[in-house]
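What follows is a single structure, written as structure tokens, with notes after it.
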Amino acid sequence: MRITIAGTGYVGLVTGVALAEIGHEVICYDIDDEKVNRLKEGISPIYEPGIDQLLVKNQLNNRLSFSSDCSEVYSTPDIIMIAVGTPEKEDGSANLSYVYQVAKDISKYLNTQQAIVVTKSTVPVGTNRKVKQWIEEEIDFHSKIHIVSNPEFLREGSALYDTFHGDRIVIGSEDEEAATKMEELYSPLNIPIIHTDIESAEMIKYASNAFLATKISFINEIANICEKVGANIEDVSKGIGMDQRIGSKFLQAGIGYGGSCFPKDTKALVQLAGDVKHRFHLLEAVINVNNNQPLLLLKKARNYVGSFKDVKVAVLGLAFKPNTDDIRESAALVVLKHLLNEGAQVNVYDPIAIANARKVLGNTVTYYETIEAAIKDTEIVFIVTEWKQVKEFPLRNYLDLMKTPIVIDGRNCYEVKEAAALNMTYSSIGRES
Ligand code: UGA
1 MRITIAGTGY VGLVTGVALA EIGHEVICYD IDDEKVNRLK EGISPIYEPG IDQLLVKNQL
61 NNRLSFSSDC SEVYSTPDII MIAVGTPEKE DGSANLSYVY QVAKDISKYL NTQQAIVVTK
121 STVPVGTNRK VKQWIEEEID FHSKIHIVSN PEFLREGSAL YDTFHGDRIV IGSEDEEAAT
181 KMEELYSPLN IPIIHTDIES AEMIKYASNA FLATKISFIN EIANICEKVG ANIEDVSKGI
241 GMDQRIGSKF LQAGIGYGGS CFPKDTKALV QLAGDVKHRF HLLEAVINVN NNQPLLLLKK
301 ARNYVGSFKD VKVAVLGLAF KPNTDDIRES AALVVLKHLL NEGAQVNVYD PIAIANARKV
361 LGNTVTYYET IEAAIKDTEI VFIVTEWKQV KEFPLRNYLD LMKTPIVIDG RNCYEVKEAA
421 ALNMTYSSIG RES
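When we follow our numbering, the leftmost residue of the sequence shown carries the number 1, and every step to the right adds one.
Set out below in structure tokens:
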């Protein structure tokens with residue numbers, strides 16, 4: 001099939017590459033000329049394992065191309081997918097202006113009697129119907145628009161794997177022909193497909209992210225209690241996760257969830273509920289717990305040093321999770337903001353996110369590409385992202401390199417027993433110090 005994908009961000013690019021790989025003819029559109037030119041040269045704007053190779057391969061076999069010319073991309077495709085960003089507005093709701101722009105462009109350039117327009121972007125319930133309306137009210141000849149809500153569930157860092165091996169594909173549509181065409185599109189993937197109405201598909205996306213965020217805040221609260229009653233959160237997570245009704249995933253206690261999705265989508269769902277006069281108390285609590293979790297880490301550190309004024313600190317990890325260079329809504333940024341406000345001198349380490357961090361943090365911190373250099377002569381280390389490099393870094397080295405070895409581990413990268421044997425100050429989440 002001939003597919004046009006609007007937006008070459010995480011979702012759009014990964015989807016485009018994956019659909020080309022399974023045999024479709026894909027053209028990815030972006031307004032950013034420079035980005036399009038780099039993509040044509042095979043350079044991915046995102047860090048994602050496996051993407052570079054498939055980007056080059058599928059361009060060479062002419063199944064994948066890139067364009068910043070909307071008159072070309074929207075004229076006669078079989079399917080148009082909208083995968084542009086829906087950033088958070090100040091009130092927490094989703095900003096749909098990029099989606100709106102795509103709808104306007106489609107109505108201007110579409111040149112077929114009917115078209116399937118698929119929304120992949122995370123959009124509030126009701127948006128797909130608006131997209132259809134936005135296109136139909138502008139189009140100047142009779143064209144039938146079949147709208148399909150087809151949310152994605154891919155994780156940064158394993159986005160290609162998730163696209164090829166997802167747990168389910170959700171197709172929300174009212175038109176049987178369009179739904180069948182979508183099924184054909186994905187048939188080489190062999191992933192279970194669930195058909196729903198449009199609103200349910202839109203809600204599945206928000207409810208999935210909200211549920212996962214709830215699991216994280218829940219386990220973080222349990223961890224906070226474990227610390228006080230002498231229980232061990234890792235044993236507790238394992239013990240509850242073995243119940244198949246609960247499941248073992250997303251029960252890793254830590255400094256809280258970040259990234260471009262959970263914080264934004266949880267707030268948007270609270271907002272959406274509010275719009276229909278329903279107060280989503282549970283999700284509000286999930287968000288509050290998450291906002292508070294990095295502050296608890298700072299509180300732990302203050303127990304040892306009193307104040308951060310002029311204290312030499314290292315923060316290990318800037319990305320919101322390992323295997324990505326994405327620092328959006330990263331817990332590291334919250335920790336850094338407080339440390340800097342309180343007058344600490346901060347060194348930071350991250351294996352790949354430094355370039356992105358520089359754009360936000362500028363010269364307020366000192367950047368290091370090795371853990372050794374970042375922690376040398378510091379008084380406190382905060383572990384914020386559980387990078388493999390951090391987990392494999394010997395605990396003994398903190399003793400040898402730091403001025404006073406106080407390690408505040410927000411991701412439980414080390415064993416409490418090991419730290420105790422080394423006689424160092426080590427504090428983690430949900431475990432005895
Ligand atoms: C998330 C979802 O997992 C995807 O299914 C979804 O498609 C995506 O959002 C999206 O809406 O586009 P992602 O943001 O890439 O994917 O990251 P996750 O791997 O889900 O991690 C999110 C945050 O939760 C990270 O900060 C991570 O450190 C934290 N986390 C995760 C925990 O603190 N504990 C856990 O047990 C799991």
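Yeah, the Cβ is synthetic: ideal placement off N, Cα and C, and Gly gets one too.
No experiment lies behind these values; they were computed from the predicted model shown.
Tell me which residues share the same chain as residue i and place their Cβ nearer than 6 Å to its Cβ, disregarding the 5 neighbours each side in the sequence.
i    : result
V311 : V305, A344, E379
Y98  : V84, G85
Q389 : P351
N128 : T119, I147, S149, I198
I371 : Y349, F393
V11  : A83, K120, E152
E342 : F308
G7   : A83, V84
K89  : N95
D175 : H146
G42  : L55, V56
Measure the CB-CB distance between residue i and residue j and report whether it falls below 7 Å.
i    : j    : result
K215 : F250 : yes
S107 : E138 : yes
I327 : A357 : yes
K205 : T122 : yes
L272 : P87  : no
S143 : L110 : yes
E177 : I193 : no
G317 : T385 : yes
G410 : F320 : no
S44  : L55  : yes
I5   : G16  : yes
K267 : G92  : yes
L185 : M424 : no
G325 : A353 : Note that residue 325 corresponds to Asp in the displayed sequence, not to Gly. It is a contact, given that the beta carbons lie within the stated cut-off.
Y368 : N397 : no
I145 : K130 : no
Give the straight-line distance between the Cα atoms of residue i and residue j, rounded to the nearest whole angstrom.
i    : j    : result
D167 : S187 : 14 Å
I147 : A179 : 10 Å
F382 : V313 : 8 Å
E156 : S75  : 31 Å
F66  : D30  : 8 Å
L395 : N209 : 35 Å
L399 : I46  : 36 Å
S427 : N190 : 45 Å
D32  : I225 : 48 Å
N323 : I79  : 32 Å
E136 : I27  : 23 Å
R63  : S237 : 45 Å
A201 : I171 : 7 Å
F211 : I255 : 18 Å
A223 : I408 : 15 Å
I116 : A332 : 41 Å
L422 : W387 : 22 Å
A253 : W134 : 43 Å
P294 : V365 : 19 Å
I406 : E48  : 34 Å
G50  : A18  : 11 Å
D235 : S260 : 30 Å
A419 : V360 : 34 Å
CB-CB under 8 Å to residue i, same chain, minus the five flanking residues each way: which ones, in chain order?
i    : result
E432 : E227, G230, N232, V416
I240 : I246, L251
E284 : V270
State yes or no: is the C-beta of residue i nearer than 6 Å to some heavy atom of the ligand MG?
i    : result
R129 : Within the structure as shown, the ligand MG is missing, the only ligands being the ligand UGA.
Among the residues of its own chain, which have a CB less than 7 Å from the CB of residue i, if the five just before and after it don't count?
i    : result
D105 : C70, Y74
R38  : P45
C413 : I383, E386, V390, K391
Quick one: does residue i have its CB under 7 Å from some CB of chain B?
i    : result
V305 : In the structure shown, chain B does not exist; there is a single protein chain.
Let me know the beta strand (DSSP E) ranges lying completely inside the segment 107-174, each 3 residues or longer, listed in chain order.
Listed in chain order, they are 114-119, 144-149, 169-173.
Within the segment 236-319, note down every full beta strand (DSSP E) run reaching 3 residues or more, in order along the chain.
The beta strand (DSSP E) runs of length 3 or more contained entirely in the segment 236-319 are, from start to end of the chain, 312-316.
Which complete beta strand (DSSP E) runs does the segment 350-394 hold, if anything under 3 residues is left out?
366-368, 380-383
Touching by the beta-carbon criterion (3+ pairs, under 8 Å), the segment 231-248 and the segment 151-165
no
Three or more C-beta pairs closer than 8 Å, one from the segment 369-379 and one from the segment 334-341: is that the case here?
no
Assess, as a yes-or-no matter, whether the segment 215-224 is touched by the segment 288-304 under the definition of 3 or more beta carbon pairs within less than 8 Å.
yes
Cβ contact check for the segment 89-103 and the segment 42-59: 3 or more pairs under 8 Å:
no
Where are the beta strand (DSSP E) runs, 3 residues long or more, that stay fully inside the segment 19-57, in chain order?
25-29
Of all the beta strand (DSSP E) runs that stay within the bounds of the segment 180-221, which reach a length of 3 or more residues?
Here the runs fully enclosed are 193-196.
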